[in-house]
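S.K.: Using the UniProt record's numbering, the letters of the sequence shown map in sequence onto residues 1 to 143.
Just so it is clear, CB atoms sit at the ideal spot from N, CA and C, and this is done for glycine as well.
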Amino acid sequence: MGWNPPEKRQELFNSLGRFILLSPVNKPDEVAGYSAFRFEHEAEEDILYCYELQINPLHQRKGLGRFLMNLLEVIGRRTKMQKIMLTVLDNNLAANKFYKQISFQLDECSPTYEDLDNGNDTDNENDTEKVDVDYQILSKLLT
Numbered sequence: 001m002g003w004n005p006p007e008k009r010q011e012l013f014n015s016l017g018r019f020i021l022l023s024p025v026n027k028p029d030e031v032a033g034y035s036a037f038r039f040e041h042e043a044e045e046d047i048l049y050c051y052e053l054q055i056n057p058l059h060q061r062k063g064l065g066r067f068l069m070n071l072l073e074v075i076g077r078r079t080k081m082q083k084i085m086l087t088v089l090d091n092n093l094a095a096n097k098f099y100k101q102i103s104f105q106l107d108e109c110s111p112t113y114e115d116l117d118n119g120n121d122t123d124n125e126n127d128t129e130k131v132d133v134d135y136q137i138l139s140k141l142l143t
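1. Considering only their Cβ atoms, is the gap separating residue 31 from residue 70 smaller than 8 Å?
2. Can you give me the C-alpha to C-alpha distance between residue 106 and residue 24, rounded to a whole angstrom?
3. Look at the alpha carbon of residue 42 and the alpha carbon of residue 59, and state the distance between them as a whole number of angstroms.
4. Tell me the DSSP bridge mates of residue 85?
5. Who does residue 20 pair with in a DSSP beta bridge?
6. When burial is assigned at 16 or more other CB atoms within 10 Å of the CB, is residue 110 buried or exposed?
7. Can you grab the Cα-Cα spacing for the pair residue 76 / residue 50, in whole Å?
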């Protein structure tokens, strides 16, 4: 998967996309961080899908990422979404650690999801091939 600029542009500028921008009080023209998200309906579930969470390096480690994710949870609950979902690249170790700290878990629709009870892929129990991807889909229940 990796970074696909045309696909990312399409996600970000989708007409259903929503943005939250954070700016320092003393520098309103500066973006300290942002989140891009959409309300989606997938597999019989209403979800808030977080497409981007970016914090300016000058403002990292100050709680802004946690603040934005908490805000997405509030928005998701108030709009009756069942969960928040997002995609994270395997090589983004800091993001993986962050999402685990705030209780995100591997979603069952992730290509790397394995049923913990029997070790089989839930999509096709007879398929012995491992899916070769460089990302995971994580989620957090809101209900």
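M.R.: Working from what's here:
1. As a first step, residue 70 is located in the sequence shown; it is residue number 70 there, counting from the start. As a first step, residue 31 is located in the sequence shown; it is residue number 31 there, counting from the start. Contact: no.
2. For the purposes of this step, residue 106 is identified with residue 106 of the sequence shown, where counting begins at 1. For the purposes of this step, residue 24 is identified with residue 24 of the sequence shown, where counting begins at 1. Taking the straight line from one Cα to the other gives about 33 Å.
3. Translated into positions along the sequence shown, residue 42 becomes position 42. Translated into positions along the sequence shown, residue 59 becomes position 59. Approximately 34 Å between the Cα atoms of the pair.
4. In the sequence shown, residue 85 corresponds to position 85, counting from 1. Residue 85 pairs with 49, 139.
5. Taking the first residue of the sequence shown as position 1, residue 20 is located at position 20. In DSSP, residue 20 forms a bridge with 35.
6. In the sequence shown, counting from the first residue as 1, residue 110 sits at position 110. Classification for residue 110: buried.
7. Reading the sequence shown from its first residue, position 76 is the one you call residue 76. Reading the sequence shown from its first residue, position 50 is the one you call residue 50. One C-alpha to the other measures close to 11 Å.
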